[in-house]
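Read through the structure below, which is laid out as structure tokens, and then see the notes.
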Amino acid sequence: MAAKHSDDLKREAVRIATSNGLTRRQVTSDLGVAFSTFGKWMRDFADDPSGATQDAELARENERLRKENRILREEREVLKMAAIFFAGQEQRDFNSLRTTVEICRAPICAA
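One point on numbering: in the numbering used here, the residue at position 61 of the sequence shown is 57, and numbering is uninterrupted.
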């Protein structure tokens, strides 16, 4: 009785054979299937649109994530600059408050 292989296994075997540059003989010996059986898998699944669709979806998702990552990095840089600006602003406000107190204190203490 012939072994029943899942379509996922067949697709993966064809993908490995076409993308990794392995010969059909290498793939068939690794999987333990007949050369003619693998040839049929190649005919059935080599031009499989679901694999191409999945690759296209992954590429779109990857591009979306890269864009989101770039935007988040830009936002982080803006927040860093704002924190630096406001940290300096607080220091300046404190110094001006101290100067104002000293100016006002002198006439009050002298009286």
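Beta carbons are placed, not taken as given, at the ideal position from N, Cα and C, and that holds for glycine.
From what residue to what residue does the alpha helix (DSSP H) around residue i run?
i          : result
residue 15 : 3 to 15
residue 35 : 31 to 41
residue 24 : 20 to 27
Residues in the same chain with beta-carbon distance under 7 Å from residue i, minus the five sequence neighbours each way, listed in chain order, please.
i          : result
residue 10 : 37, 38, 41 and 42
Please report how far the alpha carbon of residue i lies from the alpha carbon of residue j, in whole angstroms.
i          : j          : result
residue 19 : residue 52 : 26 Å
residue 56 : residue 66 : 15 Å
residue 13 : residue 3  : 15 Å
residue 23 : residue 1  : 15 Å
Kindly list the residues whose CB is nearer than 8 Å to the CB of residue i, restricted to its own chain and excluding five residues on each side of it in sequence; keep chain order.
i          : result
residue 21 : 31
residue -3 : In this predicted model, residue -3 has a pLDDT of only 47, less than 50, meaning its place in the structure is not dependable; the value taken from the coordinates is given anyway. Same-chain partners within the cutoff: there are none.
residue 6  : 37, 40 and 41
Is residue i buried or exposed, if buried means 16 or more other CB atoms sit within 10 Å of its CB?
i          : result
residue 76 : exposed
residue 63 : exposed
Does the beta carbon of residue i come closer than 9 Å to any beta carbon on chain B?
i         : result
residue 1 : Absence of chain B from the displayed structure is noted, only one protein chain being present.
field: Contact between the stretch 33 to 43 and the stretch 67 to 84 (3+ Cβ pairs under 8 Å)
entry: no
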